[in-house]
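Structure first, commentary second.
2 protein chains.
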Amino acid sequence: MGGTNIAAGLVDDNCKIIRKNSVPAGRTRPFHEIVKDMIELSQKIIKEEGLEDSDVEKIGIASPGIANNEKGEIVYASSFPDFRNAPVAKEFKKYFPESEVYLENDANAAAFGEMMAGAAKGKSNTVAVTLGTGVGGGIIIDKKIYSGFNNAGGEIGHKVIVCDGLECECGRRGCWEMYASGSALIRQTKEAAKANPQSLINIITNGNLEKINGKMVFDAADKGDVTANEVISKYIKYISVGIVDIINVFRPGVIVIGGGISGQGERLLSPLREHAQRESYGSVDMKTEIVAATLGNDAGIIGAAMLWRQSK
Amino acid sequence: MGGTNIAAGLVDDNCKIIRKNSVPAGRTRPFHEIVKDMIELSQKIIKEEGLEDSDVEKIGIASPGIANNEKGEIVYASSFPDFRNAPVAKEFKKYFPESEVYLENDANAAAFGEMMAGAAKGKSNTVAVTLGTGVGGGIIIDKKIYSGFNNAGGEIGHKVIVCDGLECECGRRGCWEMYASGSALIRQTKEAAKANPQSLINIITNGNLEKINGKMVFDAADKGDVTANEVISKYIKYISVGIVDIINVFRPGVIVIGGGISGQGERLLSPLREHAQRESYGSVDMKTEIVAATLGNDAGIIGAAMLWRQSK
Numbered sequence: 000m001g002g003t004n005i006a007a008g009l010v011d012d013n014c015k016i017i018r019k020n021s022v023p024a025g026r027t028r029p030f031h032e033i034v035k036d037m038i039e040l041s042q043k044i045i046k047e048e049g050l051e052d053s054d055v056e057k058i059g060i061a062s063p064g065i066a067n068n069e070k071g072e073i074v075y076a077s078s079f080p081d082f083r084n085a086p087v088a089k090e091f092k093k094y095f096p097e098s099e100v101y102l103e104n105d106a107n108a109a110a111f112g113e114m115m116a117g118a119a120k121g122k123s124n125t126v127a128v129t130l131g132t133g134v135g136g137g138i139i140i141d142k143k144i145y146s147g148f149n150n151a152g153g154e155i156g157h158k159v160i161v162c163d164g165l166e167c168e169c170g171r172r173g174c175w176e177m178y179a180s181g182s183a184l185i186r187q188t189k190e191a192a193k194a195n196p197q198s199l200i201n202i203i204t205n206g207n208l209e210k211i212n213g214k215m216v217f218d219a220a221d222k223g224d225v226t227a228n229e230v231i232s233k234y235i236k237y238i239s240v241g242i243v244d245i246i247n248v249f250r251p252g253v254i255v256i257g258g259g260i261s262g263q264g265e266r267l268l269s270p271l272r273e274h275a276q277r278e279s280y281g282s283v284d285m286k287t288e289i290v291a292a293t294l295g296n297d298a299g300i301i302g303a304a305m306l307w308r309q310s311k
Numbered sequence: 000m001g002g003t004n005i006a007a008g009l010v011d012d013n014c015k016i017i018r019k020n021s022v023p024a025g026r027t028r029p030f031h032e033i034v035k036d037m038i039e040l041s042q043k044i045i046k047e048e049g050l051e052d053s054d055v056e057k058i059g060i061a062s063p064g065i066a067n068n069e070k071g072e073i074v075y076a077s078s079f080p081d082f083r084n085a086p087v088a089k090e091f092k093k094y095f096p097e098s099e100v101y102l103e104n105d106a107n108a109a110a111f112g113e114m115m116a117g118a119a120k121g122k123s124n125t126v127a128v129t130l131g132t133g134v135g136g137g138i139i140i141d142k143k144i145y146s147g148f149n150n151a152g153g154e155i156g157h158k159v160i161v162c163d164g165l166e167c168e169c170g171r172r173g174c175w176e177m178y179a180s181g182s183a184l185i186r187q188t189k190e191a192a193k194a195n196p197q198s199l200i201n202i203i204t205n206g207n208l209e210k211i212n213g214k215m216v217f218d219a220a221d222k223g224d225v226t227a228n229e230v231i232s233k234y235i236k237y238i239s240v241g242i243v244d245i246i247n248v249f250r251p252g253v254i255v256i257g258g259g260i261s262g263q264g265e266r267l268l269s270p271l272r273e274h275a276q277r278e279s280y281g282s283v284d285m286k287t288e289i290v291a292a293t294l295g296n297d298a299g300i301i302g303a304a305m306l307w308r309q310s311k
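Chains as they are written, first to last, in numbering that gives the first Met the number 0: chain C, 0 to 311; chain L, 0 to 311.
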């Protein structure tokens, strides 16, 4: 379940997506309408693949916000206002009575997907960071999703890196996501481009800064634009502050970085590794790896489908 | 093992310390001298209690820095410079051949002690925070100590809350411990007292600000001193920033606050709970409890003695 689209995929035992499809989320509609779309989308894919509903052994659902797997309910998801202790599993069970249904937070499911079949394959401890509209987090400890005693943990975008800094939607000031999200990069670029009219950024966007995207900033920097380079270097520094925090606290085997910006690959990862090398605590031989996510948007689908394989 | 003293305790199956004692650490001495003192101290206590060395079934050692329990070595401890991959377990085994020997980082052992017999008893997920010279952390997940893939995790004092802030010994800028440790409170108080000559703090200390301790600041505040109240309110705010970070990321059942300042009890805890209530992420029914540690310096001894009872 995403704020824009709801996607479904049929996944085999080898974590391969055999067939997938999506529908617009219409996220402000009533719960029963949205869940009906989710079920119909799933049935359509199954049918297109020449299977019966009863062939599906396990169903995994990844939603924003807080999911309670024991109760089969989505407790709260700010982008789906009518989902309040929403009994998603029960609704699915009406149409898939023989299937087991699993629920999980989307960032956690994506982290689990990367561990099962992506960039964190084979690692016991992983923290996945998604630099998107916000900064999402998924924590895997001992090959299990960790989300605290009330399923609400893993909100690494909402730890403060600038005390009394920019106001965040969550109510705090100075959250990491206000500085390290994709949206933050856009905001930082706009401010810098306005302050530096000669910057290539203004030329690339024909003076309409609303057109800016993350890739444009990196492109302008690669062409030698001083302003763009300054923006990126500061932005990467903000990311690195949170990454080193994660290292000092979690020492995961690997940190997986996803979201649009992670497409920059080594351009982003190499300076992050340098920061981590220089700033992480103490003297240790074994270093946390920092890598880009490899599954993209499929991570959530694969992770959700594999939830039943979490070690207990 | 502490930087000032090394303490040992004989602990029974009910987490009770039957007898304990300590010797000066002499922490800059060679490894073999210090470990000899540790062994002799242990033997002395055993003998005083009328027992034989062979009556001791398990031995637990809590050290600063990084301990590798599998190898039985203290990998690195900045306050014990000669401890470099130091084979502590092997040395103990020479004198206690029939005992199992366990090693752990001191903050982790203390957190485990609080879980076994103190403020976090019965909780599966706990984060223990010690506000002392620095800010120490111990993380318990599923009743096990969590310290990452290289035993170096849990350094919650070294996550940044003020980007580009005060320089920390660890090499970063703006670490939580630079603002929330007991030492930070002293520094903040000195600065405020100098800037406000009329403050009661200057009277209490007879103008010698080197005498200040944390309790004096709270006492001055309770007597209505404006400067002291401002210092404390700001200091508690700094603590709360890190506490809410822990809640958003870990959602532990309980956060246990230890160190000298935790002796202030509700004076400290009540505003921390208010901050947490107001600032923690999203809308959840089950809240993380925030409580004071109850075992004090015994937490490390009890936790070390009980390491063998960690669930696998």
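No residue lacks a Cβ here, since even glycine has one placed at the ideal position from N, Cα and C.
Quantities reported herein were computed from a predicted structural model and do not represent experimental measurements.
Based on the DSSP output, what are the partners of residue 140 of chain C in its beta bridges?
For the purposes of this step, residue 140 of chain C is identified with residue 141 of the first sequence, where counting begins at 1. In DSSP, residue 140 of chain C forms a bridge with C:143.
Do the region 93 to 106 of chain C and the region 10 to 19 of chain C meet, that is, are 3 or more Cβ pairs less than 8 Å apart?
With a cut-off of 8 Å, the region 10 to 19 of chain C and the region 93 to 106 of chain C do not count as touching, because too few Cβ pairs lie within range.
Measuring only between beta-carbons, confirm whether residue 249 of chain L sits less than 8 Å from chain C.
Stepping through the second sequence from its first residue, residue 249 of chain L is reached at position 250. Judged by the 8 Å Cβ criterion, residue 249 of chain L is in contact with chain C.
Does the CB of residue 186 of chain L have a neighbour CB from chain C at under 8 Å?
Translated into the one-based positions of the second sequence, residue 186 of chain L becomes position 187. No, residue 186 of chain L lies away from the interface with chain C (no Cβ there is under 8 Å from its Cβ).
Hey, how far is the Cα of residue 210 of chain L from the Cα of residue 270 of chain C?
Taking the second sequence and counting its residues from 1, the one referred to as residue 210 of chain L is at position 211. Taking the first sequence and counting its residues from 1, the one referred to as residue 270 of chain C is at position 271. Distance between the alpha carbons of residue 210 of chain L and residue 270 of chain C: 45 Å.
For residue 197 of chain L, I'd like the list of residues in its chain whose CB is within less than 6 Å of its CB, leaving aside the five on either flank, ordered along the chain.
In the second sequence, the residue the question calls residue 197 of chain L occupies position 198. Excluding five sequence positions before and after residue 197 of chain L, none of the CB atoms of its chain fall closer than 6 Å to its own CB.
So, is residue 282 of chain C buried or exposed, given that buried needs 16 or more other C-beta atoms within 10 angstroms?
Translated into positions along the first sequence, residue 282 of chain C becomes position 283. Burial call: exposed.
Taking the CB atoms as reference points, tell me whether residue 298 of chain L and residue 256 of chain L lie closer together than 8 Å.
Here residue 298 of chain L refers to the residue found at position 299 when the second sequence is read from its first residue. Here residue 256 of chain L refers to the residue found at position 257 when the second sequence is read from its first residue. Their beta carbons are not under 8 Å apart, which means residue 298 of chain L does not touch residue 256 of chain L by this criterion.
Reduced DSSP category for residue 188 of chain L - H, G, I as helix; E, B as strand; rest coil
Position 189 of the second sequence, counted from the start, is the residue given in the question as residue 188 of chain L. Looking at residue 188 of chain L - three-state DSSP - the assignment turns out to be helix.
So which of L:262, L:231, L:248 has the shortest CA-CA distance to residue 153 of chain L?
Working through the second sequence from its first residue, we reach residue 153 of chain L at position 154. Of the residues L:262, L:231, L:248, the one whose Cα lies closest to the Cα of residue 153 of chain L is L:248.
Which residues in chain C have a C-beta closer than 7 Å to the C-beta of residue 278 of chain L? List them in chain order.
Here the question's residue 278 of chain L lines up with position 279 in the second sequence. Ordered by position in chain C, the residues that pass the 7 Å Cβ test against residue 278 of chain L are 170, 171.
Chain L contact residues for residue 244 of chain C, given Cβ-Cβ distances below 7 Å:
For the purposes of this step, residue 244 of chain C is identified with residue 245 of the first sequence, where counting begins at 1. What residue 244 of chain C touches in chain L: 158, 159.
Nearest-angstrom Cα separation, counted from residue 62 of chain C out to residue 106 of chain C:
Counting from 1 along the first sequence, the entry for residue 106 of chain C is found at position 107. Counting from 1 along the first sequence, the entry for residue 62 of chain C is found at position 63. The alpha-carbon of residue 106 of chain C is positioned some 8 Å away from that of residue 62 of chain C.
DSSP three-state assignment for residue 92 of chain C, whether helix, strand or coil
Residue 92 of chain C sits at position 93 when you count from the first residue of the first sequence. The answer is helix: DSSP assigns residue 92 of chain C an H, G or I state.
Decide if residue 127 of chain C is buried, meaning its Cβ has at least 16 other Cβ atoms within 10 Å, or exposed.
Here the question's residue 127 of chain C lines up with position 128 in the first sequence. Result: buried.
Under 9 Å Cβ-Cβ, which residues of chain C neighbour residue 91 of chain L?
Position 92 of the second sequence holds residue 91 of chain L. Chain order gives no chain C residues near residue 91 of chain L, where near means a beta carbon separation below 9 Å; the closest approach is about 24 Å.
Which residue comes first and which comes last in the beta strand (DSSP E) that contains residue 242 of chain C?
Start at 1 with the first residue of the first sequence, and residue 242 of chain C comes out as number 243. Under the DSSP assignment, residue 242 of chain C falls outside any beta strand (DSSP E), being part of the alpha helix (DSSP H) whose first and last residues are 225 to 249.
Please list the partners that residue 67 of chain L has in chain C, where partner means a Cβ-to-Cβ separation under 9 Å.
Counted from its first residue, the second sequence places residue 67 of chain L at position 68. Neighbours of residue 67 of chain L on chain C: none; closest Cβ ~10 Å, over 9 Å.
Is residue 231 of chain L close to chain C, meaning its C-beta is less than 8 Å from at least one C-beta of that chain?
Stepping through the second sequence from its first residue, residue 231 of chain L is reached at position 232. Interface criterion not met: the Cβ of residue 231 of chain L is under 8 Å from no Cβ in chain C.
Which first and last residues belong to the beta strand (DSSP E) in which residue 59 of chain C is found?
As a position in the first sequence, residue 59 of chain C is number 60, starting the count at 1. It spans 57 to 62 - the beta strand (DSSP E) in which residue 59 of chain C sits, taken as one unbroken run.
What separation, rounded to the nearest whole angstrom, lies between the Cα atoms of residue 266 of chain C and residue 218 of chain C?
Taking the first residue of the first sequence as 1, we reach residue 266 of chain C at position 267. Taking the first residue of the first sequence as 1, we reach residue 218 of chain C at position 219. In this structure, the CA atom of residue 266 of chain C is about 11 Å from the CA atom of residue 218 of chain C.
Does chain L have any CB closer than 8 Å to the CB of residue 140 of chain C?
Numbered from 1 along the first sequence, position 141 holds the residue referred to as residue 140 of chain C. Yes, residue 140 of chain C counts as interfacial toward chain L.
Might you give, ordered along the chain, the residues of its own chain that have their beta carbon closer than 6 Å to the beta carbon of residue 235 of chain C, omitting 5 neighbours on each side?
Residue numbering aside, residue 235 of chain C sits at position 236 when the first sequence is read from its first letter. Excluding positions up to five away in sequence, the list reads 270.
For residue 2 of chain C, decide whether its Cβ has a neighbour in chain L, counting only Cβ atoms nearer than 8 Å.
Taking the first sequence and counting its residues from 1, one reaches residue 2 of chain C at position 3. By the rule that beta-carbons nearer than 8 Å mark a contact, residue 2 of chain C does not touch chain L.
In the DSSP assignment, what are the bridge partners of residue 135 of chain L?
In the second sequence, the residue the question calls residue 135 of chain L occupies position 136. Within the DSSP bridge table, the entry for residue 135 of chain L names L:129 as partners.
Cβ of residue 107 of chain C less than 8 Å from any chain L Cβ?
To locate residue 107 of chain C, count along the first sequence from 1; it is residue 108. Taking Cβ atoms only, chain L never reaches closer than 8 Å to residue 107 of chain C, which makes this a no.
Pairwise C-alpha distance: residue 260 of chain C and residue 86 of chain C:
Here residue 86 of chain C refers to the residue found at position 87 when the first sequence is read from its first residue. Here residue 260 of chain C refers to the residue found at position 261 when the first sequence is read from its first residue. Here the alpha carbons of residue 260 of chain C and residue 86 of chain C stand approximately 35 Å from one another.
Do residue 183 of chain L and residue 137 of chain L have their beta-carbon atoms positioned less than 8 Å apart in this structure?
Counting from 1 along the second sequence, the entry for residue 137 of chain L is found at position 138. Counting from 1 along the second sequence, the entry for residue 183 of chain L is found at position 184. Taking the C-beta atoms as reference points, residue 183 of chain L is found no nearer than 8 Å to residue 137 of chain L.
Provide the residue(s) that pair with residue 67 of chain C in DSSP beta bridges, ordered along the chain.
Position 68 of the first sequence, counted from the first residue, corresponds to residue 67 of chain C. Beta-bridge partners assigned by DSSP to residue 67 of chain C: C:72.
Residue range of the beta strand (DSSP E) that includes residue 102 of chain L:
Locating residue 102 of chain L in the second sequence gives position 103, counting from the first residue. Where residue 102 of chain L is concerned, the enclosing beta strand (DSSP E) stretches over 99 to 104.
Check residue 9 of chain L in the structure and name its three-state DSSP category.
Your numbering for residue 9 of chain L matches position 10 in the second sequence. Residue 9 of chain L carries a strand assignment under DSSP once its states are collapsed to helix, strand and coil.
Could you tell me whether the Cβ of residue 234 of chain C comes closer than 8 Å to any Cβ of chain L?
One-based indexing of the first sequence puts residue 234 of chain C at position 235. Chain L contact via Cβ: absent.
Please determine, among C:165, C:38, C:29, the residue with the shortest C-alpha to C-alpha distance to residue 78 of chain C.
Walking along the first sequence from the start, residue 78 of chain C turns up at place 79. Out of C:165, C:38, C:29, C:29 has the C-alpha closest to the C-alpha of residue 78 of chain C.
Report the start-end ranges of each alpha helix (DSSP H) in the region 243 to 303 of chain L that is 4 residues or longer and not cut off at the edges.
DSSP assignment within the region 243 to 303 of chain L yields the following whole alpha helix (DSSP H) runs of 4 residues or more, N-terminal first: 265 to 278.
What are the boundary residues of the alpha helix (DSSP H) that residue 22 of chain L is part of?
Residue numbering aside, residue 22 of chain L sits at position 23 when the second sequence is read from its first letter. From DSSP, residue 22 of chain L is part of no alpha helix (DSSP H) but of the beta strand (DSSP E) over 16 to 23.
Any beta carbon from chain C within less than 8 Å of residue 177 of chain L's own beta carbon?
In the second sequence, the residue the question calls residue 177 of chain L occupies position 178. At a cut-off of 8 Å between beta-carbon atoms, residue 177 of chain L makes no contact with chain C.
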